[in-house]
Amino acid sequence: MSGQKVTLRYTIAAEDFISAGEASSHVKKTLNKLGIRHELIKRFTIAMYEAEINTVIHASGGEAYVEITPEKLMVKISDNGPGIPDIEKAMMEGWSTAPEHIREMGFGAGMGLPNMKRYADDLAVESEVGVGTVVTITVYLS
Amino acid sequence: MLVRDIVKTLDAEILTGEENLELDIQAGCGADLMSDVMAFVKDNVILLTGLINVQVVRTAEMMDIKVVCFVRGKQPTEQIIELAKSKGITILSTKNPMFIACGLLYKAGLTGRGVWD
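Heads up: the protein sequence lines correspond to chains A and B, in order. Oh and the first sequence: position 11 is 13 in our numbering, straight run, nothing missing. Oh and the second sequence: position 81 is 82 in our numbering, straight run, nothing missing.
Shown next as structure tokens:
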């Protein structure tokens, strides 16, 4: 990378479980092209993918803004969904409010936020009930 | 264990991704819960699952998993196969149920463990 900043923006489609993950997939492709280290790409895109899935499950979609600089990979995923009443609880493995049909698709088992925390260097979750949620995931390159 | 040998051991059908037959697989992950798969960090893994939807392929893509085997004879849709093909992911299908499929691979020497924190 030659020192400049790369930014990417995506709309995450509302309740579209089939296309969920397309933004993360495109980011992965872009990071590979930029020659970012394999292990960092994996950590970043797994965390982003979990956040993307969450947006589809809980908030009928949202937006993703990605910033790639020589220092870090950052994605901000925002939605206008119901918000998270208790973030501390939501960070616990196994705690979930996802409906049954989402569990049948292999998600919604209360591992999303814990997985984001596992793979991100920094994870910030800001949420207001009835307003929405912003999740910011950062992976440092150095 | 080579993908070629995994195919033989599981008596599996190759639905796409013949180009990965010489890949050396170090460990297996048997799960129907994709978030559990994403908590499992290791390279050169085969994913065995009874879950059939496109998110299985997306999960494999994010995890750099090159081989997915659907168990219990489940047949993925054309859409799943096409997405896997575009990502260079091999899709197998075996009639064996999950427990037996994992057991057969373990017995054949695929005993690598994932890294759980």
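We treat Cβ as the ideally placed atom computed from N, Cα and C, and that holds for glycine. For clarity, every value in this text was computed on a predicted model and none was experimentally measured.
Checklist line | Residues of its chain near B:Lys75, where Cβ-Cβ distance is below 7 angstroms and the 5 sequence neighbours each way are ignored | finding: Result list for B:Lys75: Gly51, Ile53, Ser94, in chain order.
Notebook entry, point to check: Does DSSP classify A:Arg11 as helix, strand or coil?
Noted result: Here A:Arg11 sits in strand by DSSP.
Checklist line | Contact residues within the region 107-133 of chain A, judged by C-beta distance below 9 angstroms to chain B | finding: Taking 9 angstroms as the cut-off between beta carbons, the residues of the region 107-133 of chain A near chain B are Met107, Gly108, Phe109, Gly110, Ala111, Gly112, Met113, Gly114, Pro116, Asn117, Arg120, Tyr121, in sequence order.
Notebook entry, point to check: Given a limit of 9 angstroms on CB to CB distance, which residues of the region 16-37 of chain A reach chain B?
Noted result: Taking 9 angstroms as the upper bound on Cβ-Cβ separation, chain B lies near residues Phe19, Ile20, Ser21, Ala22, Gly23, Glu24, Ser26, Ser27, Lys30 of the region 16-37 of chain A.
Next item on the list: Classify B:Met125 as helix, strand or coil using the three-state DSSP reduction.
Entry: Outside the displayed span of chain B (2 to 118) sits residue 125 of chain B, for which this structure offers no information.
Next item on the list: Please look up how many angstroms separate the CB atoms of A:Ile79 and A:Ala100, rounded, as I've assumed it's under 8 angstroms.
Entry: At roughly 17 angstroms, the Cβ-Cβ gap does not stay under 8 angstroms, so A:Ile79 and A:Ala100 are not in contact.
Notebook entry, point to check: Per DSSP, what kind of secondary structure is B:Ile92 in: helix, strand or coil?
Noted result: For B:Ile92, the secondary structure class from DSSP, reduced to helix, strand or coil, is strand.
Checklist line | Cutoff 8 angstroms: A:Ile14 Cβ touching any chain B Cβ | finding: For A:Ile14, the answer is no, since every Cβ of chain B falls outside 8 angstroms of its Cβ.
Checklist line | Strand pairing of A:Gly134, partner residues [DSSP] | finding: Bridge partners of A:Gly134: A:Glu130.
Item checked: Every unbroken alpha helix (DSSP H) inside the region 50-129 of chain A [4 residues or more] -> Unbroken alpha helix (DSSP H) stretches of 4 residues or longer found wholly inside the region 50-129 of chain A: 89-92, 102-105, 114-121, given in chain order.
Margin query: So the candidates are A:Lys35, A:Ile43, A:Val131, A:Gly108; which of them puts its Cα closest to the Cα of A:Phe19?
Written below: For A:Phe19, the nearest C-alpha among the options comes from A:Gly108.
Note to self: Let's test the definition: count the other Cβ atoms within 10 Å of the Cβ of B:Leu11 and tell me whether it reaches 16, buried, or not, exposed.
What the structure shows: Buried, because 16 or more other Cβ atoms sit within 10 Å of the Cβ of B:Leu11.
Item checked: Spatially closest choice to B:Gly88 from B:Leu106, B:Gly104, B:Met63, by CA coordinates -> Note that residue 88 of chain B is Lys in the sequence shown, not Gly. Its Cα nearest to that of B:Lys88, the residue B:Met63 stands out among B:Leu106, B:Gly104, B:Met63.
Item checked: Sub-8 angstroms separation of A:Ala49 and A:Met93 beta-carbons -> Note that the C-beta distance between A:Ala49 and A:Met93 is not below 8 angstroms.
Check: Would you call B:Thr112 buried or exposed, if buried means 16 or more other Cβ atoms sit within 10 Å of its Cβ?
Finding: With fewer than 16 other Cβ atoms within 10 Å, it is exposed.
Note to self: Suppose you measure from the CA of A:His28 to the CA of B:Ile92; what does that come to, to the nearest Å?
What the structure shows: Straight-line Cα distance between these residues: approximately 21 angstroms.
Next item on the list: Using a threshold of 8 angstroms, state whether the C-beta atoms of A:Ser225 and A:Gly83 are closer than that.
Entry: The structure shown does not extend to residue 225 of chain A, since chain A spans only 3 to 144, so no value can be given for it.
Notebook entry, point to check: Can you tell me whether DSSP reads B:Phe71 as helix, strand or coil?
Noted result: In this structure, B:Phe71 counts as strand in the three-state DSSP scheme.
Margin query: Suppose you measure from the CA of A:Gly37 to the CA of A:Val127; what does that come to, to the nearest Å?
Written below: Distance from the CA of A:Gly37 to the CA of A:Val127, rounded to the nearest whole angstrom, comes to 29 angstroms.
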